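Under the working numbering, the first residue of the sequence shown is numbered 187, with each subsequent residue one higher.
Data block below; observations after.
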Amino acid sequence: MDLKNLLDVLIEKNRSLISQGHVATYIPELAKVDPKLLGTAIVDKEGKVYSSGDSKVYFAIESISKTVVLALALLDNGEEEVFKHVHKEPSGDPFNSIKKLETEEDHLPRNPYINPGAIMMTSLIKGKDPDDKFNRILNFMKRISEDDTLTLGTETYLSEKRTGDINRALAYYMKGQGVFSENVEETLDVYFRQCSINVTVETLAKIAGFFARGGVLTTGERVISQRQAQIVTGLIATCGMYDQSGEFLDNIGFPGKSGVGGGILCPLPSKEIGVAVFGPAIDKEGNSTGGMGILKDLSDKLNYDMF
Ligand code: DON
């Protein structure tokens with residue numbers, strides 16, 4: 187069976203898992219999304235895209251943007267500086283938990299993919315004002331995905347901004363502890379916008395492919411160093427699915443970064459392949475139920491398991 191046919195089969199096979207999840211409701215705009223959507227895409231070593239299901243539907247990238255912002259923060263500041271502001275360890279807590287910020291002796295976030303760590307990374311992006319910083323993130327995302335169609339979802343952004351008090355609490359807590367030096371509201375304004383960029387599952391597979399190829403575009407042009415790509419992908423493996431990261435790596439066998447919009451981005455560095463799924467019905471940890479089923483099947487059928 188060729189890859190496109192396999193993806194078609196897996197979409198139909200995993201549709202029944204949709205009913206085990208629900209669309210995110212804590213951001214009102216996400217609650218309006220059709221829970222029945224399901225799509226998947228794979229980008230091979232040469233950059234050829236295979237996709238199936240709702241692969242052309244745009245949705246909010248949400249937490250998956252944290253991988254792109256980490257890459258840009260590394261490019262802007264270098265590895266040494268970035269890791270003065272954040273650790274590299276799994277938190278074992280939900281993505282918006284404040285617990286470890288309080289109990290860690292230095293009050294730094296455990297990793298760049300939980301919300302406090304991601305907000306910290308956004309604060310490290312260079313730019314003269316929030317608009318400039320956001321535009322740099324959007325343009326960088328367009329460049330590494332080789333997708334010029336990406337835009338800000340204004341309604342999602344306004345929805346995130348209206349309901350983002352836990353993120354405000356996390357940032358003000360860090361500021362109060364003296365570990366966050368930027369303006370909180372301005373940084374969060376950029377963070378809410380980066381989460382609200384509209385992508386398709388094909389865009390996510392292309393970003394995954396970029397990281398899997400070690401930071402090189404399909405044209406052969408290098409954008410970030412091999413080491414920077416390794417950091418982004420290694421942390422996806424250990425921290426990408428929050429308190430489900432161990433279970434995901436054991437069960438699926440390759441790195442995955444989820445978002446509450448229903449996307450999961452999976453770079454497979456050993457094969458230089460990018461995989462992505464999209465299904466807005468998510469489980470209580472915030473991960474797409476149909477999407478996880480497809481990833482498990484791909485892992486089994488294509489020998490994608492790294493272990
Ligand atoms: O910070 C938030 O609450 C959202 N904008 C992003 C959260 C998210 O996607 C968590 N991932 N599963």
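A virtual CB, placed ideally from N, CA and C, is assigned to each residue, including glycine.
It should be emphasised that the depicted structure is a prediction, and the values quoted were computed from it without experimental measurement.
Using a Cβ-Cβ cut-off of 7 Å (strictly less than) and excluding sequence neighbours within five positions of Ala-357, which residues of its own chain qualify?
Ile-305, Phe-366, Val-370, Thr-373 and Leu-374
Would you list the one or two residues that DSSP bridges to Ser-474?
Ile-468
Could you give the residue range of the alpha helix (DSSP H) that holds Pro-316?
Start and end: 316-331.
Give me the Cα-Cα distance between Val-229 and Gly-460, rounded to the nearest whole angstrom.
5 Å
Residues near Gly-186 in its chain [Cβ-Cβ closer than 6 Å; skip 5 each side]
Residue 186 cannot be examined here, being either before or after the span of the chain that is shown, 187 to 493.
Please determine, among Asn-384, Ser-277 and Gly-476, the residue with the shortest C-alpha to C-alpha distance to Lys-222.
Gly-476
Sorted by chain position, which residues of the same chain lie with C-beta nearer than 6 Å to Lys-285's C-beta, five sequence neighbours on each side aside?
In chain order, Asp-279 place their CB closer than 6 Å to the CB of Lys-285, counting only its own chain and leaving out the 5 sequence neighbours on each side.
Taking contact to mean 3 or more Cβ pairs, one atom from each stretch, closer than 8 Å, check whether the stretch 187-207 and the stretch 417-433 are in contact.
At 8 Å Cβ cutoff, the stretches do not touch.
Paired residues, beta bridge with Cys-425 - DSSP:
Cys-425 is not bridged to any residue.
Go through its chain and collect everything with a Cβ distance to Gly-479's Cβ below 6 Å, but skip five positions before and after it.
Asn-200 and Leu-203
With 16 other CB atoms within 10 Å as the buried threshold, where does Lys-392 fall?
Taking a 10 Å sphere around the C-beta of Lys-392, we find 16 or more other C-beta atoms and assign the residue as buried.
Coarse secondary structure for Leu-451, derived from DSSP in three states
Reduced to three states, the DSSP call for Leu-451 is strand.
Between Asn-384 and ligand 3, is the CB less than 7 Å from at least one heavy atom?
As for ligand 3, it is missing from this structure, which binds only ligand 1.
Would you say the beta carbon of Asn-200 comes nearer than 7 Å to a heavy atom of ligand 1?
no
C-alpha distance - Ile-247 paired with Val-385, whole-angstrom precision:
6 Å
Can you tell me which of the three DSSP states Phe-269 falls into?
coil
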